[in-house]
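One rule links them: number in this note's numbering = place in the sequence shown (from 1) + 327. Each residue gets a CB set at the ideal place from its N, CA and C atoms; glycine is no exception.
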Amino acid sequence: MSLHYSSAEDKELPSSHVEDRDPMNEIQVGKGDSAHLSGAQVKAVRNVVSMFIAFCCAVANGYDVPRGAIVGSLCAAVVSDKYGRRKTIFAGGVLLLTGMIIATTAKKIPQLVVGRFILGSGTAFMVLGAPAYTTEIAPPQWRGRCTGLYNTGWFAGSIPAAAVTFGCNYIDSNLAWQIPVILQAFACVIAMVGVFFIPESPRFLMANGREEEAIELLVKYHGNGDPRSKLVALEVEEMRAGIRQDGADKRWWDYRPLLMTRNGRWRMAQVVMMSIFGQFSGNGLGYFNTVIFANLGISSSAQQLGYNLLTAVVSAVGAVTGASLTDRMPRRKVLIFGTLACACALATNAGLSAALAEQGDNVIKSYAQGALASYFLFNVFVMFTYTPLQAVAPSEALETTTRAKGLALSGVIANGMGFINQFCGPIALGNIGYKYIYIFVAWDCIEALCWYLFGVEAQGRTIEELEWVYNQPNPVKASLKVDKVVVQADGTVSEKVAEA
């Protein structure tokens with residue numbers, strides 16, 4: 328995708344938005360395949376700080392996700408639409424800290440349960456506000472990487488949580504479980520303080536009639552203080568055309584645009600597919616590791632923790648690698664071929680597990696090593712494919728006035744699938760053993776087919792440009808044909824479509 332102006336005269340924004348440039352804080356972008364918004368400059372430090380605050384929300388989420396997150400997601404959508412993304416993150420932090428205090432001071436089980444529920448609700452607020460904020464504040468050419476890297480923060484929480492929990496097992500007091508809960512507040516506090524030093528989402532401002540503030544913010548963060556920035560002119564024009572100030576975000580109960588319009592149904596299809604597939608592609612099969620460990624003679628808790636941490640680290644490498652390449656790789660192809668790679672890895676694991684089951688007590692160690700290695704590979708594939716796009720795809724598929732509600736539904740679905748993984752997966756593994764893996768081999772093939780048939784390509788496009796894509800008779804086909812965006816001399820935006 329490329330950006331062109333049909334007039335040699337640059338568009339100019341009001342002079343009130345001019346600020347002094349500091350070349351030491353600038354970077355030049357627009358040289359990558361998916362970042363052809365030529366000439367755009369970004370204040371690196373400011374944008375990185377904004378992304379880091381959102382990243383801390385993902386860290387808190389990765390540290391622990393109690394089930395209160397399902398209820399909290401729906402409430403968070405109301406707060407996000409009415410008060411903004413930053414206040415949603417802050418409110419989530421307040422709830423998380425409140426839940427942490429209630430839980431850690433619990434003397435009875437009911438108080439602990441209530442505390443954990445409130446803690447989970449706070450986590451839901453933070454992980455709804457953060458990806459929406461990241462998608463809306465990031466420069467278009469950085470959107471995929473920023474939002475993808477945000478979601479890798481889950482590992483920055485989950486890996487230390489596993490290590491801390493294991494270490495606290497040696498403490499012979501209530502501190503053994505209190506310390507891990509208390510430490511979850513660390514990233515939360517950083518995010519709560521940080522929101523006072525970052526701007527509000529420009530799209531939220533535009534949707535709520537605060538256009539001047541939105542333009543000032545875009546000039547400062549995306550145009551590097553240049554009121555003649557072509558990138559900012561494009562963004563402002565598209566926001567004016569695509570964001571309604573009387574949209575569903577003004578009515579807390581109104582989810583109709585997500586379901587009652589053809590455009591909305593296509594958008595929600597992307598959200599639902601990612602919410603289900605991202606959590607149910609074989610992710611819950613880690614419980615089967617204990618069988619593989621037993622075949623390898625790994626029986627002590629310390630040894631198993633070591634392998635589990637190694638799995639987490641390897642998975643994190645896959646996720647970070649995928650996130651760093653998100654803006655360079657077509658999303659649809661990654662999802663299709665990445666999901667098929669997951670199916671191949673699981674098929675290998677299932678085949679070796681079947682052979683191990685037939686061997687009984689006379690286990691051939693190389694088979695067990697192969698089963699473990701194939702599961703490691705599966706984790707790399709699934710994290711490379713889904714971890715970055717779990718945050719990116721739903722956020723960019725939804726338009727500004729439905730983003731909070733759509734992400735709330737995504738949170739409900741994702742947490743529901745996580746519930747199935749956590750509580751139903753072990754039962755299935757206990758009843759049918761390794762044969763449960765074959766279910767996911769077939770299911771992953773179905774997922775790949777769904778992405779091929781219904782996956783809309785969003786890589787390299789601004790959020791508002793996707794409105795044009797979803798309004799076409801066949802959004803999948805249209806998403807593969809859009810070639811370039813043209814800003815006319817009068818400032819209007821149009822698309823040139825190249826026939827496939």
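| Item | Value |
| --- | --- |
| Extent of the continuous alpha helix (DSSP H) to which Trp580 belongs | Careful: Trp580 lies outside any alpha helix (DSSP H) and carries neither H nor E. |
| C-alpha gap between Gln686 and Arg658, whole angstroms | 42 Å |
| Cβ-Cβ distance between Ala381 and Lys732 below 7 Å | no |
| For Glu463, the three-state DSSP class (helix, strand or coil) | helix |
| Residue nearest to Gln696 in terms of C-alpha spacing, selected from Pro715, Thr675, Arg583 | Thr675 |
| CA-to-CA distance, Gly420 to Ala518, given in whole angstroms | 8 Å |
| N-terminal and C-terminal residue of the alpha helix (DSSP H) that Ile486 is part of | 480–495 |
| Between the CA atoms of Ser722 and Ile603 - distance to the nearest angstrom | 15 Å |
| Contact between the region 691–706 and the region 614–629 (3+ Cβ pairs under 8 Å) | yes |
| Alpha-carbon spacing of Trp778 relative to Glu784, whole angstroms | 10 Å |
| Outcome for Leu423 when other beta-carbon atoms lying within 10 angstroms are tallied against a minimum of 16 | buried |
| Collapsed DSSP secondary structure at Arg530 in the structure displayed | helix |
| Three-way DSSP call (helix, strand, coil) for Glu784 in this model | coil |
| Segment contact flag, the region 729–749 with the region 486–501, C-beta cutoff 8 Å, min 3 pairs | no |
| Own chain residues within Cβ distance below 6 Å of Leu476, not counting five before or after | Ala650 |
| Environment of Val520 [buried if 16+ CB atoms lie within 10 Å] | exposed |
| CB contact flag (Ser400, Ala451, <7 Å) | yes |
| Same chain, Cβ closer than 6 Å to Gly678, five either side skipped, listed in chain order | none |
| Three-state class that DSSP yields for Val375 in the structure shown | helix |
| Contact check, Ile570 vs Met595, beta carbons under 7 Å | no |
| Burial state of Pro715, where buried means 16 or more other Cβ atoms lie within 10 Å | buried |
| Selection from Gln717, Gly745, Ile747, Phe746 that minimises the alpha carbon distance to Leu734 | Gln717 |
| Cβ neighbours of Glu463 in the same chain (closer than 6 Å, five flanking residues each side left out) | Ser528, Arg530 |
| contact_flag[the region 641–649, the region 470–488] where n(CB pairs < 8 Å) is 3 or more | yes |
| For Ile509 and Met600, the rounded distance between their alpha carbons | 35 Å |
| Nearest residue (CA-CA) to Gly411, options Leu502, Arg537, Phe781 | Arg537 |
| Sequence-distant residues of the same chain with beta carbon closer than 8 Å to Ala684, five excluded per side | Gly760, Tyr761 |
| Endpoints, alpha helix (DSSP H) assigned at Gln686 | 658–686 |
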